[in-house]
Every structure is written in C-alpha cells, then in structure tokens.
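One structure is given below, encoded as structure tokens.
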Amino acid sequence: MGWIKRTFHRTGSPRWFFAGSRAWVIGLYAVGASLIAVGSVWGLGFVPPERLQGNSVRILFIHAPAAHLAEAIYVAIAIAGFVFLVWRMKMADMLIEAAAPIGFVVTVLALATGIIWGIPTWGTGWVWDARTVSTLLLAFLFFGLVALRQAIGRPDRASRAVALLALVGVVNIPIIKYSVEWFTTLHQPPSIVIGEKPAIAPVFLMPLAVNVLGFYCFVAGVVIAALRARIVEREGGAQWLHDWISKS
Amino acid sequence: MRLFVAQFRRDLLVAVRSRSDAANPLVFFVLATVLLGLGGGANLAPGAIWVLALFANVLAVEGVFRRDHDDGTLEQLLIHAQPLFPAVMGKLAAHWALSGAPVAVLSPVAAIMLTGTTSGIGVLVLTLCIGTPALTLLGAIGSALTVATGRGGLLVAILVLPFYVPVLIFGASASTAAVSGDPVAFQLLALSALLAGCLTAAPFAVGKALAISQEY
Numbered sequence: 158m159g160w161i162k163r164t165f166h167r168t169g170s171p172r173w174f175f176a177g178s179r180a181w182v183i184g185l186y187a188v189g190a191s192l193i194a195v196g197s198v199w200g201l202g203f204v205p206p207e208r209l210q211g212n213s214v215r216i217l218f219i220h221a222p223a224a225h226l227a228e229a230i231y232v233a234i235a236i237a238g239f240v241f242l243v244w245r246m247k248m249a250d251m252l253i254e255a256a257a258p259i260g261f262v263v264t265v266l267a268l269a270t271g272i273i274w275g276i277p278t279w280g281t282g283w284v285w286d287a288r289t290v291s292t293l294l295l296a297f298l299f300f301g302l303v304a305l306r307q308a309i310g311r312p313d314r315a316s317r318a319v320a321l322l323a324l325v326g327v328v329n330i331p332i333i334k335y336s337v338e339w340f341t342t343l344h345q346p347p348s349i350v351i352g353e354k355p356a357i358a359p360v361f362l363m364p365l366a367v368n369v370l371g372f373y374c375f376v377a378g379v380v381i382a383a384l385r386a387r388i389v390e391r392e393g394g395a396q397w398l399h400d401w402i403s404k405s
Numbered sequence: 003m004r005l006f007v008a009q010f011r012r013d014l015l016v017a018v019r020s021r022s023d024a025a026n027p028l029v030f031f032v033l034a035t036v037l038l039g040l041g042g043g044a045n046l047a048p049g050a051i052w053v054l055a056l057f058a059n060v061l062a063v064e065g066v067f068r069r070d071h072d073d074g075t076l077e078q079l080l081i082h083a084q085p086l087f088p089a090v091m092g093k094l095a096a097h098w099a100l101s102g103a104p105v106a107v108l109s110p111v112a113a114i115m116l117t118g119t120t121s122g123i124g125v126l127v128l129t130l131c132i133g134t135p136a137l138t139l140l141g142a143i144g145s146a147l148t149v150a151t152g153r154g155g156l157l158v159a160i161l162v163l164p165f166y167v168p169v170l171i172f173g174a175s176a177s178t179a180a181v182s183g184d185p186v187a188f189q190l191l192a193l194s195a196l197l198a199g200c201l202t203a204a205p206f207a208v209g210k211a212l213a214i215s216q217e218y
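Chains as they are written, first to last, in my numbering: chain A, 158 to 405; chain B, 3 to 218.
Take a look at the structure:
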C-alpha cells in the first residue's frame with residue numbers, strides 16, 4: 158500500500174511529476190502514434206466497404222475515438238476541478254489549464270468529422286438534435302474554461318473559479334452520453350455497450366479499438382507535455398527547475 | 003426564512019428606488035421584439051419569443067451582483083449571512099421578480115405582435131414562468147464567477163448560454179407544440195424538473211462562486 162500513497166503524493170508535486178514525466182511523454186507519443194498509424198492504415202486500406210454506407214464508413218475510425226475522447230477529457234477536467242476545490246492541489250489546477258484547449262481541439266475534430274460523415278450518409282451535415290448540440294456545447298464549455306481564466310486577473314482566484322465552472326459543466330456529460338438513448342435522433346444509438354455483444358461487425362471493431370487506444374495514448378502524451386510546460390511557466394523561479402535545466 | 007425575506011425585500015427596495023435600472027430588461031425585451039418584427043417579419047415561431055426572453059435574461063443577470071460588489075455589500079453579506087443559501091435565494095428571487103416575471107407577463111403582447119395568433123399563449127406564459135427562474139439561477143453562477151473581474155458582459159453570456167440550452171429546448175418546444183394544439187405535458191414536466199434541479203443545486207454553486215470572488 159505504501160507505494161500507492163507515495164505515487165499519489167509524488168504525482169501531486171510539480172517537482173516529482175516534472176522529473177518523472179519525460180519518459181511518459183516519449184512513451185505515450187511512440188505508442189499512441191504507432192497505434193493510430195496501424196489502426197488508420199488498417200481502417201482506411203484493409204477494411205471492406207460497408208454494405209449501406211460504402212467507403213464513407215471509414216471516417217468512423219477518426220470520428221468515434223475523437224468524440225469519445227472529448228467527453229473523457231471533460232470528465233478528467235471535472236475530476237481535477239473537484240480535487241482542486243477540495244484539496245487545493247496545484248497540479249490539478251495545472252491539469253485543467255493544460256487540458257482545456259486540447260479538449261476544445263478534440264471536440265472540434267469530432268464535430269468536423271461528424272459533419273463530413275453526415276453529408277453522404279444522413280444527407281445533411283448538421284441536424285439540431287440532442288447529440289450534435291450537446292457536443293457543440295461541450296466545445297463551448299472548453300472555450301469558457303479558457304476564457305474565464307484569462308478574464309480573471311488574479312491567478313489564485315482564477316484557478317478556483319475555473320475549477321468551480323468545470324465542476325458545474327459536468328452536467329452536460331450525461332446529456333451527451335444518453336442523448337441518443339433518451340431522444341429520437343438521427344445519430345445512431347451506441348453500437349458498443351460494455352457487457353453486451355457489440356452491434357458492430359468485428360471487421361470494423363478491431364481497427365476502431367486500435368485507434369481508440371491510440372487516440373487515448375497520444376492525447377494523454379500531449380496533455381502531459383502541456384502540463385510540463387505549465388509547470389515550467391508557474392515554477393519558473395524554483396531552484397530545482399534551474400538545476401534540472403542546467404543538468405540536461 | 004427570515005434571511006430570505008429580508009434579502010428579498012432589501013433587493014426589491016433598492017431596485018425600485020433606482021427606477022430605470024429595474025425596467026431595463028423589460029425595455030430590452032420590448033425593443034428586441036420590435037426589431038425582430040421589423041427585421042424578420044411576422045409569423046415567427048413562439049420559439050423566437052423564448053430566445054428574446056433568454057437574451058433579456060442573460061443581459062439582466064450579468065449585473066445581479068455588480069452593485070453589491072462595488073459598494074462592498076456583497077462582502078458584508080458573505081460575512082453575516084449564515085447560511086448563505088436563503089440570502090442567495092432571496093437575492094435571486096428579487097432579481098427574477100423584476101426581470102423574468104415582467105417578461106413573462108408581457109410575452110402575450112410579443113406573441114401577438116410576432117406570431118400573429120393568440121393560440122397557445124397560455125402555455126407560452128406558463129413555460130416562461132417556469133423557465134425564466136431556472137435561467138436566472140443558472141445565469142447567477144456565471145455572474146458570480148465574473149463579478150470581481152469587472153468585465154462580465156460577453157464573458158457571462160459565453161459561460162452561461164450553454165447551460166441555458168436545455169431550458170430553451172423544452173420551453174420553446176412546448177410553446178411551439180401548443181400553437182398547433184399538440185400535447186405539452188412532457189415538456190412542461192421536463193421544464194419543471196429543470197427548475198427543481200436548479201433551485202436545489204444552483205444557489206450552492208452561486209454561494210461558492212461568490213466566496214471565491216470575495217476571497218473567502
């Protein structure tokens with residue numbers, strides 16, 4: 158048990174996190190990029206065209222991981238917001254700051270691929286239904302987190318306000334997640350539910366799984382890299398940082 | 003309860019004695035109705051009135067804590083109001099009585115001007131009566147978060163409009179359905195559920211945001 162507690166406290170300390178996370182960034186970048194490469198080449202080149210959608214189904218291998226990841230990033234931010242409000246861990250606040258713009262980009266990617274996919278299959282790029290609108294709102298939530306931090310001059314006050322906003326915004330997540338089950342929408346209901354037989358053919362499922370995993374690893378690497386940049390920015394005057402820079 | 007009543011009375015009194023401020027949301031609502039009528043022509047859906055009410059609300063709620071923050075009353079409130087919940091509720095109730103309620107009362111006029119029909123007006127007023135307090139409660143969170151920055155305005159709108167969307171969806175769809183005589187029970191129940199959720203949860207978030215803004 159001792160090592161869990163030690164790891165937890167070390168992750169919460171900018172100094173230990175900074176020293177230990179460089180290998181993680183490199184590892185996650187390498188694993189993520191190769192998984193995305195394998196999954197995308199597999200999905201784009203070797204999967205047969207779908208019976209009804211033809212070749213347009215291949216955008217699934219980008220759209221689904223991006224959409225899934227967008228929600229996951231927000232949940233991570235909300236948890237970090239809770240951690241920061243309760244325990245005032247600096248690292249949690251820096252995680253929010255680092256992840257919010259990345260989440261915005263990923264959400265926009267999910268929306269853009271959704272529009273591109275919708276034009277040939279739905280016959281329209283955009284519908285005002287629950288899932289598309291709630292995902293668009295997710296993009297605005299990410300944007301709001303960045304905008305609020307910039308608007309509040311005092312960093313300590315900004316951190317707490319942003320953490321609170323992140324926590325309040327989490328009400329949108331169940332709306333996105335269950336929008337396709339609660340409402341009748343053009344967007345299909347989930348094909349992959351834990352504990353049930355997937356409603357998607359294995360030939361599509363395998364490259365999709367590889368790409369989801371790849372997206373997770375790669376974006377985790379990007380977030381950690383951004384987090385390291387935040388640490389350098391905030392702890393710029395610290396002695397350990399000067400020592401570390403002059404050593405490497 | 004005493005705290006709620008005291009805060010409610012005080013805020014109402016302050017607003018009434020500075021007459022022009024209190025009337026602003028209503029005047030904006032009427033003016034926007036006129037502009038929409040001129041720009042978009044008549045025969046719009048009742049959803050348009052809901053959007054106008056929503057904008058009037060976000061513009062009004064942006065300043066709900068401004069004056070109290072500027073003269074230090076807000077800081078005193080945080081010191082003496084224990085618990086904070088009834089005081090926040092009293093403040094927001096007074097604010098709604100002067101912004102959301104008049105808009106709901108005046109909405110039949112806007113509906114006749116814009117949609118050209120009197121059918122479904124009862125449901126429109128009802129949805130606005132249920133929906134606008136929820137909007138005020140949600141908007142107050144954004145207003146409280148930004149009160150100390152001195153630059154609310156557009157930022158508050160960006161922060162809170164995403165949260166307004168569920169209220170708008172159910173309110174507008176009920177008002178639209180009522181015009182054609184379709185059943186509206188589900189939308190009204192959903193709207194009431196949203197209001198119940200906001201009433202119980204939002205004041206806590208507002209209190210927390212105010213405490214952050216005043217450095218407690």
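Ideal placement from N, C-alpha and C gives every residue a C-beta, glycine not left out. Since we're looking at a predicted model, the values are computed, not measured.
### Query
Along chain A, in chain order, which residues have C-beta atoms closer than 8 Å to that of B/ALA211?
Against chain A, the beta carbon of B/ALA211 has neighbours under 8 Å at ALA318, LEU321, listed in chain order.
### Query
Candidates B/VAL107, B/GLU64, B/THR119, B/PRO110: which alpha carbon is nearest B/LEU94's?
When only C-alpha atoms are compared, the closest one is B/GLU64.
### Query
Exposed or buried, B/SER120, counting other C-beta atoms within 10 Å across all chains shown (16 or more means buried)?
Checking the sequence, you will find Thr at residue 120 of chain B rather than Ser. Exposed is the call here.
### Message
Runs of 4 residues minimum, wholly inside the region 12-51 of chain B: which ones carry the alpha helix (DSSP H) assignment?
### Response
If only complete runs of 4 or more residues are kept, the region 12-51 of chain B shows the alpha helix (DSSP H) at 21-42, in order along the chain.
#### Entry: Residue burial classification, A/VAL263 (beta-carbon count within 10 angstroms, cutoff 16)
A/VAL263 should be labelled buried.
### Message
Any beta carbon of chain B sitting closer than 9 Å to that of A/ASN212?
### Response
Closer than 9 Å: no.
### Task
Answer yes if the region 200-212 of chain B comes into contact with the region 297-308 of chain A, meaning at least three C-beta pairs across the two stretches below 8 Å, and no otherwise.
Two segments are said to touch when three or more pairs of C-beta atoms, one from each, lie closer than 8 Å; by this definition the region 297-308 of chain A does not touch the region 200-212 of chain B.
#### Entry: Neighbour list for B/LEU76 in chain A, Cβ cutoff strictly below 7 Å
Those within 7 Å of B/LEU76 in chain A number zero; the least Cβ separation is about 14 Å.
### Query
List, in order along the chain, the chain C residues whose C-beta lies closer than 8 Å to that of B/PRO205?
In the structure shown, chain C does not exist; the protein chains are A and B.
### Task
Identify, in the order they occur along the chain, each residue of the same chain with its Cβ nearer than 8 Å to the Cβ of A/SER170, setting aside the five sequence neighbours on each side.
Closer than 8 Å at Cβ, skipping near neighbours: MET248.
### Query
Who pairs with A/GLY211 in a beta bridge, going by DSSP?
A/GLU207.
### Message
Which residues in chain B have a C-beta closer than 8 Å to the C-beta of A/GLY301? List them in chain order.
### Response
The answer, in chain order, is ILE160, LEU161, PRO164.
### Task
Have a look at B/THR202, B/ALA58, B/VAL18 and flag the residue whose alpha-carbon is nearest the alpha-carbon of B/VAL32.
Nearest C-alpha to B/VAL32: B/ALA58.
### Task
Using the Cα positions of A/ALA287 and A/TRP397, report the straight-line distance between them to the nearest angstrom.
Whole-angstrom Cα-Cα distance: 49 Å.
### Query
So with Cβ pairs under 9 Å, would you call B/THR129 a contact of chain A?
Cβ-Cβ to chain A under 9 Å: no for B/THR129.
### Query
Distance, Cα to Cα, A/HIS225 vs A/LYS334?
Taking the straight line joining both Cα atoms gives about 9 Å.
#### Entry: Within chain B, the residues that A/PHE297 reaches when beta carbons sit closer than 8 Å
In chain order: ILE160, LEU163, PRO164.
### Task
Report the residue from B/LEU28, B/LEU37, B/ASN26, B/ALA55 whose alpha carbon sits nearest the alpha carbon of B/TYR166.
Measuring from the Cα of B/TYR166, the nearest candidate turns out to be B/ALA55.
### Query
To which residues of the same chain is B/ALA96 closer than 6 Å at the C-beta, ignoring the five residues directly before and after it?
For B/ALA96, where only same-chain residues beyond five positions count, the Cβ hits under 6 Å are PHE10, ASP13, LEU14.
### Task
Going by CA-CA distance only, name the one from A/ILE219, A/LEU209, A/VAL290, A/PHE203 that's closest to A/ILE273.
Selected option, being the one with the closest Cα: A/ILE219.
### Cβ neighbours of A/ILE330 in the same chain (closer than 7 Å, five flanking residues each side left out)
Excluding its 5 nearest sequence neighbours in each direction, A/ILE330 has C-beta neighbours in its own chain below 7 Å: GLU228, TYR231, VAL232, listed in chain order.
### Task
State the CB to CB distance for the pair A/MET251 and A/ARG387, rounded to an integer number of angstroms; the pair is presumed to be in contact (CB under 8 Å).
By a beta-carbon distance limit of 8 Å, A/MET251 contacts A/ARG387. Their separation comes to about 4 Å.
### Query
So, is A/ALA187 buried or exposed, given that buried needs 16 or more other C-beta atoms within 10 angstroms?
Exposed is the call here.
### Contacts that A/ALA308 makes with chain B (C-beta to C-beta distance below 7 Å)
Here the neighbours are THR148, THR151, ARG153, LEU157.
### 6 Å CB neighbourhood of A/GLU207 in its chain, flanking five on each side removed
Exclusion of the five residues before and after A/GLU207 leaves VAL214 as the residues of its chain whose Cβ lies within less than 6 Å of its Cβ.
#### Entry: Contacting residues, own chain, Cβ-Cβ under 7 Å from B/MET91 (five flanking each side not counted)
These residues qualify, in order along the chain: PHE6, PRO205.
### Query
How about A/GLY260: is its C-beta nearer than 9 Å to some C-beta of chain B?
Closer than 9 Å: no.
### Task
Could you check if A/GLU390 is buried or exposed, using at least 16 other CB atoms within 10 Å of its CB as the buried criterion?
With fewer than 16 neighbouring CB atoms inside 10 Å of its own CB, A/GLU390 falls in the exposed class.
### Query
Can the beta-carbon of A/ILE253 be found less than 9 Å from the beta-carbon of A/PHE375?
Taking 9 Å as the cut-off, the beta carbon of A/ILE253 is found no closer than this to the beta carbon of A/PHE375.
### Message
Nearest by alpha-carbon distance to B/ALA47: which of B/GLY183, B/GLN216, B/LEU79, B/SER175 is it?
### Response
It is B/SER175 whose Cα lies nearest to the Cα of B/ALA47.
### Task
Would you mind telling me which residues of chain A sit closer than 8 Å to B/VAL66, beta carbon to beta carbon, in chain order?
Within chain A, no residue comes near B/VAL66; the closest Cβ sits about 17 Å away, beyond 8 Å.
### Message
Less than 9 Å between CB atoms is the rule here; does A/ILE332 satisfy it with respect to chain B?
### Response
Residue-level contact by beta carbon holds for A/ILE332 and chain B, with a gap shorter than 9 Å.
### Task
Please confirm if A/VAL328 has its CB atom under 9 Å from at least one CB of chain B.
Cβ-Cβ to chain B under 9 Å: yes for A/VAL328.
### Query
Going straight from the alpha carbon of B/TRP98 to that of B/CYS131, what length do you get?
Approximately 10 Å between the Cα atoms of the pair.
### Query
Nearest-angstrom Cα distance between B/PRO221 and B/ALA180?
Residue 221 of chain B lies beyond the residue range present for chain B, which begins at 3 and ends at 218; the question has no answer from this structure.
### Message
Does the region 193-205 of chain B come into contact with the region 133-150 of chain B, if we say contact requires no fewer than three beta-carbon pairs (one atom in each stretch) closer than 8 Å?
### Response
Touching, per the Cβ criterion.
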